Structure formats: structure tokens, C-alpha cells
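Novice: In this note's numbering, the protein residues as written are 4 to 90. Before anything else, here's the structure in question.
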């Protein structure tokens, strides 16, 4: 039985649910990648590197599997159109 206190953060909750640390780390990097994808105009390769992914092709393939879109298609469909000057 997992113990969960009100002051536990997401990481502690995931650990208490026996989610492996490597998957927690991947989730965190993937969330960061998605955030940069939607809030900047930076090249996808640069976003992948900053998010801790050394192989853009790999993250692109996994992203499509998880989200149903390639990173560039996801950016085009879901990003705020008012960030055209953000780099």
C-alpha cells in the first residue's frame, strides 16, 4: 500500500506508486520539451538538446507516439499564435 501525504509532490507520488525514476525523469524532460515547443520559436533540435534529449530523431519518434503528432505539427496546431517574436 502506498502512503501519500498532503505535502508530497508529484515525484514522491510517482515513487510511491512504484513508477521508475527513469520514467519520472523522461516525463519531466518531455514536459519541458513540450513547453518550449509551444512557447518559443527555437529550432526543434535546440529544444531537444536543452530538454536533455541527445537524439532529435528519437524524441521526435517518441513524441509522435505519445501525442499523435510530430513535434513540428504539434507546435503548429497547439501553440499560441501571439509568440511570433519570442526566441
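Note that CB positions come from ideal geometry on N, CA and C, so glycine has one too. In this text the structure is predicted, and so the values were computed from the model without any measurement.
On the criterion of 16 or more Cβ atoms from any shown chain inside 10 Å, does residue 46 qualify as buried, or is it exposed?
Specialist: Classification for residue 46: exposed.
Novice: State buried or exposed for residue 74, treating a residue as buried only when at least 16 other CB atoms are found within 10 Å of its CB.
Specialist: Residue 74 should be labelled buried.
Novice: By DSSP, does residue 82 sit in helix, in strand, or in coil?
Specialist: Three-state result, residue 82: coil.
Novice: According to DSSP, is residue 9 part of a helix, a strand, or is it coil?
Specialist: With a pLDDT of only 48 at residue 9, under the threshold of 50, the placement of this residue in the model should not be trusted, and no figure is reported.
Novice: Excluding sequence positions up to five away, which residues of its chain have a Cβ less than 6 Å from the Cβ of residue 66?
Specialist: Correct list, in chain order: 74.
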